[in-house]
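In the working numbering, the protein residues as written are 39 to 269. Backbone N, C-alpha and C define an ideal beta-carbon position, used for all residues, glycine too. Only a predicted model underlies this, so the values are computations on that prediction, with no experimental measurement involved.
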């Protein structure tokens, strides 16, 4: 399957990089020090995701480290905790340290044999450069929120990706597959633009922020995307 496609655009954080693990590893020590061991991982991630989406919409040209530093401050207010500017700054600088999923590098190396691979990510260039060291391939195109000046789910991010793929490689929308874990940031807006989507459903749920997925393909992980291609 998937032989009709010439390129795959990937979301990075949550799809290739374990965004949830990275966030929890950074926030848990602060929450524990603040006496909030009662908060479940699911509650922390869901609250974080909602606040991050709001920050990205409010300040679309802010760099991602500044976005998540602000989210840290908003989490403190939300849970009535003492602000910790040092922890907030460290959180903002931690993006490049977040781990890749175990299946990511091998899957990307396999797919690289058959497709142009591109990144379309809500991140800054410097943070992605550090993350890219964990991904095992050189991408044919990298587009970050810093490059575009907005954050997904903004339509512009997908428009820029389509334009660059067309101008650089002569690949049109009909030959593109967009693969992502986030329903809110990726699957819904890409599908609305007529882009074929593959939902990498790592969380086995309806997706962050409560939106149901309506993807063309659904797999549990990157290994599943490879298996789909081999069918």
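Practice item. Within 10 angstroms of the Cβ of residue 108, are there 16 or more other Cβ atoms? Answer buried if so, exposed if not. Key: Using a 10 angstroms sphere on the CB of residue 108, the tally of other CB atoms reaches 16 or more, which defines it as buried.
**Study point:** Cβ-based neighbour list, residue 39, same chain, cut-off 7 Å, excluding 5 preceding and 5 following
**Key:** So the qualifying residues of the chain are 266, 267, 269.
Review point. Per DSSP, residue 48 is paired with what?
Key: Residue 48 is bridged to 157, 217.
Exercise for review: Consult DSSP for residue 68 and reduce its assignment to one of helix, strand or coil.
Suggested key: Note: residue 68 maps to helix in three-state DSSP.
Point to revise | Limits of the beta strand (DSSP E) - the one that residue 256 falls within | key: Where residue 256 is concerned, the enclosing beta strand (DSSP E) starts and stops at 255 to 257.
Practice item. Measure the Cβ-Cβ separation of residue 54 and residue 146 and say whether it is below 9 Å. Key: The criterion of a C-beta distance shorter than 9 Å is satisfied by residue 54 and residue 146.
Review point. Just checking my contact of residue 158 with residue 235 at CB under 8 Å: how many whole Å lie between their CB atoms?
Key: Contact between residue 158 and residue 235 does not hold, since their C-beta atoms are separated by about 12 Å, which reaches or exceeds 8 Å.
Exercise for review: Return the residue from the list 240, 256, 63 that minimises the CA-CA distance to residue 129.
Suggested key: Closest in alpha carbon position to residue 129, among 240, 256, 63, is 63.
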